[in-house]
Amino acid sequence: MLRDKTESKPGQKRSSSVVIVGGGLSGVSAALKLLWRTAFPLQIFLIDPHEEPGRGVAYSTRDLEHRLNAPARRHIIRPGEPDHFPRWLSNNAIAEGWPGPEDGNFVEAFSPRWLFGSYIQSELKAAVRGAHTDVVFKHIQQAAVDIKKDGDGLAVGLADGEWLKADHVILANGVFTSSGGMEVATALEDDSRYLSNPWKEGIFESLLKAHDVAIIGSHLTMIDCVASLERRGYRGSYTVVSRLGLMPNPAYTGEPWHDFLADREPPTTALSLLKLLRTEIASATAAGFNWQAVAASIRPHIGALWRTASLAEKRRFLRHLQSRTLGHSAPPSAIALVERAVREGRLTSIAGRVARIDICGERLGIHLRPRGATSAIYHQTDRVIRCIGFEYDWSRIDDRLVQNLLRRGLVRPGPLNSGIDADENGAIIAADGTLSKSFSAIGHPLNGSAFYESSASSALREQSTVLADRLLPLLEVTRSATPSHMEAIYDDR
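At position 474 of the sequence shown (counting the first as 1) the number is 474 in full-length UniProt numbering, and the numbers step up by one without a gap.
In structure tokens form, the structure reads like this:
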């Protein structure tokens, strides 16, 4: 049932309304910009079923070994204040359960991700307290399951059957689990030997007596798992299976190589960029630099290169450059534990694809085909941890909201089968090709479509700024009444 419970009283200022669907870092980044910058009547609704907005998947893990993959100085939320998070850490780390870095340098520290989530929460609470008196923020602790057109705006369907009207909706619904193209025996769905959620509290203690563990996926989640097990004293063996057999590089904290793209025509093809990178890496290595210094110098240009590239070149870029050169890096303390297990002969890596996981007596069996092999092998193990990452192809996502958006034609999959189609300002492109005036996106829905990188805090800071620049003038004009029937969790202003 569609309800609008706002009552317009004589002389009362009419408010515009924004509904943000998703309460992870993307959604909260959008909310922060609106709270900081709005100086007219506005109602901001954040729809997320979790109790604590701002954490999402990445910042919900309480394990202190699960670290940020960049130093604290690079996690900038407040524009112009690069030292704000390090200062917050120095004042709050102990209270949050982390003794802090051994050298006391919070600026260069790779903080536990839980603490960054706590920092985001503190920033949201402060923004609500300091917002303009005519700005109202409400967290609706439910899931959004549908969105439909409603006049010039939209209506968001909630899990309890209510509909929330909005002048503008910002889609920030985060990440979705990928199947990885593998089958898992039905009997394993509730079997403690198959761990499908590597961030569930207490799972690592249950693995300490296992003789061997297979980890499906070799990216940052795998690093989390190995680091957690090693810190707990696990001395068994690991078999890591992934498509390419590549692992993340340690985070580079040194000086970047010179900005070799600043004074030249930018490369227009993936091949020309690859050749340029190889030339610069050779020069940097000869000069005593780590090759990652070259990757660090090119990252600020990737967004512009992505926007101007053709679809064919974007595909080539993803195929040949993303994983090998410009993928996410791992925190030094965690990668050191992985490297120790490799040196001790306890961690081996297999490049290949997993077809099926089933039960083999007291153990589990993995059917996999090594890369380049003509036949499959059968690997047995005591435990399996699923670390295969997230699904970005919206046509494959099993989620009620996603499926309803596609069914209604409010969104269409991105041209590279990653995320949804949108312009560089975050305005969503509907199935019929029209650019929406009332529907925008930020974060993961735009990953690999409008933007190459759409999950890092720096990317979200830029996207939320662009979004606020575009929306605030429109919302100030709209000033339509909006529903306000939910209770706020942040009403302590």
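For every residue, glycine included, the Cβ atom is placed at its ideal position computed from N, Cα and C. Keep in mind the model is a prediction, meaning the values are calculated, not measured.
In three-state DSSP terms, what is R383? strand
To the nearest angstrom, how far is the alpha carbon of G27 from that of G372? 42 Å
Three or more C-beta pairs below 8 Å linking the region 132-142 and the region 158-171: yes
Can you tell me where the beta strand (DSSP E) with T348 in it begins and where it stops? L347 to C360
Is it buried or exposed for A304, if we count other Cβ within 10 angstroms and need 16 for buried? exposed
Quick one: using the 10 Å Cβ neighbour count with 16 as the cut-off for buried, is P49 buried or exposed? exposed
How long is the line joining the alpha carbons of L204 and N173, rounded to whole angstroms? Checking the sequence, you will find Phe at residue 204 rather than Leu. Cα-Cα distance, rounded: 28 Å.
If I measure Cβ to Cβ from T61 and keep anything under 7 Å in the same chain, skipping five residues before and after, which residues do I get? Spatial neighbours of T61 in its own chain (CB-CB distance under 7 Å, excluding positions within 5 residues in sequence) are listed in chain order as R113, W114 and W199.
Measure the Cβ-Cβ separation of D421 and R412 and say whether it is below 8 Å. The Cβ atoms of D421 and R412 lie closer than 8 Å to each other.
Reference P332; option with closest CA among G361, T253 and A185: T253
Taking residue 494 as the reference, which of S455, A450, A441 and P473 has the closest Cα? Not covered by the structure: residue 494. The range shown for the chain is 1 to 493.
For I147 and V156, which I take to be in contact (beta-carbon distance under 8 Å), what is that distance rounded to the nearest angstrom? 5 Å
With a CB to CB cut of under 7 Å and the five nearest residues on each side skipped, what residues in its chain are close to L405? The answer, listed in chain order, is I147 and V411.
Going by beta carbon distance, what residues of the same chain come within less than 6 Å of L195, once the five residues before and after it are set aside? I203 and I385
How many Å lie between S178 and K33 at the Cα? Distance between the alpha carbons of S178 and K33: 31 Å.
Based on Cα-Cα distance, which residue from T239, Q292, R319 and L318 lies nearest to G345? T239
Checking the sheet assignment: what are the DSSP bridge partners for Q322? None; Q322 has no bridge partner.
L89 versus R78, P101 and P41, residue with shortest Cα-Cα distance: P101
Beta strand (DSSP E) containing V145: first to last residue? A144 to D150
Whole-angstrom C-beta distance between I94 and H84, which should lie under 8 Å: About 18 Å separates the CB atoms of H84 and I94; that is not less than 8 Å, and the two are not in contact.
Beta-ladder partner(s) of residue 495, from DSSP: The first residue shown for the chain is 1 and the last is 493, placing residue 495 beyond what the model contains.
For F116 and E255, I'd like the C-alpha separation in whole angstroms. 24 Å
8 Å contact criterion, which A227 and L337 should meet: CB distance rounded: 5 Å
Excluding sequence positions up to five away, which residues of its chain have a Cβ less than 6 Å from the Cβ of F110? R67, L68 and P331, listed in sequence order.
What does S16 pair with, by DSSP beta-bridge criteria? L42
Cβ neighbours of N447 in the same chain (closer than 8 Å, five flanking residues each side left out): Y392, S418, G419, E453, S454 and S455
Hey, out of R232, H219 and I223, whose CA is closest to R243's CA? Among R232, H219 and I223, the Cα nearest to that of R243 belongs to H219.
How many Å lie between L229 and L208 at the Cα? 7 Å
Between R231 and the rest of its own chain, which residues show a CB-CB distance below 6 Å, the 5 nearest in sequence each way excluded? If we look at R231 and ignore the five residues flanking it on each side, its Cβ neighbours are E65.
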